[in-house]
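Asker: Starting off with a structure, shown below.
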Amino acid sequence: MIMSAKNIFHILAILLGYGLIISGFFVLGATLEDNIKLLDIFMSCLIFTQFVEFTLFPLVNLNEKAHKEVGMLGIHLLTVNVCSLLSICLMVAGIMNDLSFKIQLIGQLAIIFIALVGRLASSHAGEKVEQCYQREENQVLGKKWLKSTMENLMEDAIQTKELDEMTRNKIQQINEDIRYITPSCTSEAKEIDQQFCQLAESLRVMMRDVTINQNRIAEEVEHLHRILIRRKNAR
């Protein structure tokens with residue numbers, strides 16, 4: 228797979244950042260113990276990676292409708308900023324107060340633990356946002372199905388010239404009343420939605436021969452209206 232120029236520049240920027248961090252510690256931190264120097268280099272690269280991840284590879288995907296990243300963004304940024312600040316403060320305190328390697332190692336491990344907990348919390352928040360989105364989508368799905376089915380029936384009613392005006396007006400009224408249905412994904416609502424759509428499709432078939440089915444069409448349209456009333460009351 229051929230990488231794009233954008234990805235190449237991203238990788239070069241990351242490698243250059245790592246190079247500057249490592250060279251900076253070896254040039255300016257010559258007095259540091261080797262183990263402390265390596266620890267500080269590792270933590271600095273980790274901090275750099277966190278910010279590069281956010282700036283070069285944005286968390287928010289505008290093509291994803293659920294936008295679960297939005298729910299996790301606040302916790303993620305708070306965790307990254309706080310842990311990065313704590314880590315830098317510990318590095319500075321270690322240099323100024325000549326803290327031992329063990330103390331600095333324990334402190335940095337504690338900061339990494341906090342960062343991991345924060346990342347877990349942000350991931351959990353993102354999942355909650357996605358679950359809410361899916362629940363809302365399921366609630367709206369039934370109404371969309373009713374609306375689409377009813378629009379098809381209304382179109383057939385308009386094109387069927389033999390259909391009496393009273394029945395056509397009743398179908399139009401039902402089509403308008405669909406707008407006032409509350410989205411719901413309960414088992415009762417789903418069952419009524421299915422009954423409504425099945426009857427609407429049956430009416431479309433009956434309209435192919437209005438002369439024979441005129442009376443039955445009128446009866447079934449009334450039945451369709453009663454189903455719609457039941458659907459309005461379903462929660």
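Under our numbering, the first residue of the sequence shown is numbered 228, with each subsequent residue one higher. For every residue, glycine included, the Cβ atom is placed at its ideal position computed from N, Cα and C.
1. Run through DSSP, which three-state label would Leu-259 get?
2. Taking the alpha-carbon positions, what's the Lys-465 to Tyr-360 distance?
3. Looking at the secondary structure, which residues open and close the alpha helix (DSSP H) in which Thr-376 lies?
4. With distances taken Cα to Cα, identify the nearest neighbour of Met-170 among Gln-399, Ala-384, Ala-352, Ile-241.
5. Please report the Cβ distance between Gly-369 and Ala-416, rounded to the nearest whole angstrom; I am assuming they are in contact, meaning their Cβ atoms lie under 8 Å.
6. If you drop the 5 nearest sequence neighbours on each side, which residues of the same chain put their C-beta closer than 7 Å to that of Phe-252?
7. Can you have a look at Leu-455 and say buried or exposed, based on whether 16 or more other CB atoms are within 10 angstroms of its CB?
8. Just curious, the alpha helix (DSSP H) that Arg-443 is in, first and last residue?
9. Spatial neighbours of Tyr-245 within its chain, please: CB distance less than 8 Å, with the 5 preceding and 5 following residues excluded, ordered by chain position.
10. Which residues mark the beginning and the end of the alpha helix (DSSP H) in which Leu-426 is found?
11. With distance defined between alpha-carbon atoms, name the residue in Glu-428, Met-270, Val-254 nearest to Ile-338.
12. Check Thr-409 in the structure and name its three-state DSSP category.
13. Using a threshold of 8 Å, state whether the C-beta atoms of Leu-430 and Leu-380 are closer than that.
Answerer: Considering the structure as presented:
1. Three-state DSSP puts Leu-259 in coil, outside helix and strand.
2. Not covered by the structure: residue 465. The range shown for the chain is 228 to 462.
3. 328 to 386
4. Because the chain here runs from 228 to 462, residue 170 falls outside it and cannot be looked at.
5. Right, the Cβ-Cβ distance comes to about 6 Å (below 8 Å), so this counts as a contact.
6. Lys-264, Asp-267, Ile-268
7. buried
8. 437 to 460
9. The residues are Cys-272, Phe-275.
10. 414 to 433
11. Met-270
12. coil
13. yes
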